[in-house]
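One structure is given here, and the rest of the page talks about it.
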Amino acid sequence: MSDPAPAIVPDLSARLAPPIDDDTRPLWTGGARGELLIQRCGRCRRWAHPPVAGPCRACGGGLVPEPASGRGTVFSYTVNHHPFNPAIPVPYVVAIVELAEQEGLRFFTNLVNCDPAGVRIGMAVRVLFEDHGDWSVPVFEPDAG
Ligand code: ZN
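Listed below in structure tokens is the structure:
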């Protein structure tokens, strides 16, 4: 039968630093405290992602970062087999996760700690954070529940 999937041990230093500004800083630094910080409207309570400057598009209220649950489901994904960066072993999974907080609240990310061949749309996932010192990257893994 098939061999087990190889252990995937990416060189984390290969991850490019995200552009961090006042609006995106909570997203890229909340992981140090284990928090997935997503902008939320203080008036209508709608979540908004990716982070933007300015008011809530639904009601014009102010957006403030709040911790989300970090739970969601795979909305869409693709498995990359091409070694664009030799430091990042293939295959790896690029995914859009719909966060549990709100329909349509989608998060572009990587899926980790799973066999890429086993990923399915609708699969339950939960956040974890790739630590890069001054910043971290929210990624997702299967959520056994
Ligand atoms: Zn609003």
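Our numbering puts the first residue of the sequence shown at 1307, with every later residue one more than the last. We put the CB at the ideal spot given by N, CA and C, even for glycine. In this text the structure is predicted, and so the values were computed from the model without any measurement.
Once you ignore the five residues that flank residue i on each side, which residues in its own chain have a CB closer than 8 Å to its CB?
i	result
residue 1451	1430
For residue i versus residue j, is the C-beta spacing smaller than 8 Å?
i	j	result
residue 1418	residue 1403	no
residue 1373	residue 1343	yes
residue 1383	residue 1399	yes
residue 1452	residue 1385	What the structure shows of the chain is the stretch from 1307 to 1451, and residue 1452 is not part of that stretch, so it cannot be assessed.
residue 1457	residue 1443	Given a span of 1307 to 1451 for the chain in the structure shown, any question on residue 1457 remains unanswerable.
residue 1391	residue 1401	no
residue 1405	residue 1414	no
Grab me the residues of residue i's own chain with a C-beta within less than 7 Å of its C-beta, minus the 5 sequence neighbours each way, in chain order.
i	result
residue 1350	1362, 1364, 1365 and 1367
Kindly indicate which three-state DSSP category residue i falls into: helix, strand or coil?
i	result
residue 1337	helix
residue 1320	helix
residue 1424	helix
residue 1331	helix
residue 1449	coil
residue 1365	coil
So, for residue i: in the same chain, excluding its five sequence neighbours on each side, which residues have a beta-carbon less than 6 Å away from its beta-carbon?
i	result
residue 1433	1342, 1376, 1444 and 1446
Between residue i and chain B, is there a C-beta pair that is closer than 8 Å?
i	result
residue 1359	Chain labels in this structure do not include chain B; a single protein chain is all it has.
- Item | Under 6 Å, CB to nearest heavy atom of the ligand ZN: contacting residues | 1347, 1349, 1350, 1352, 1362, 1364, 1365 and 1367
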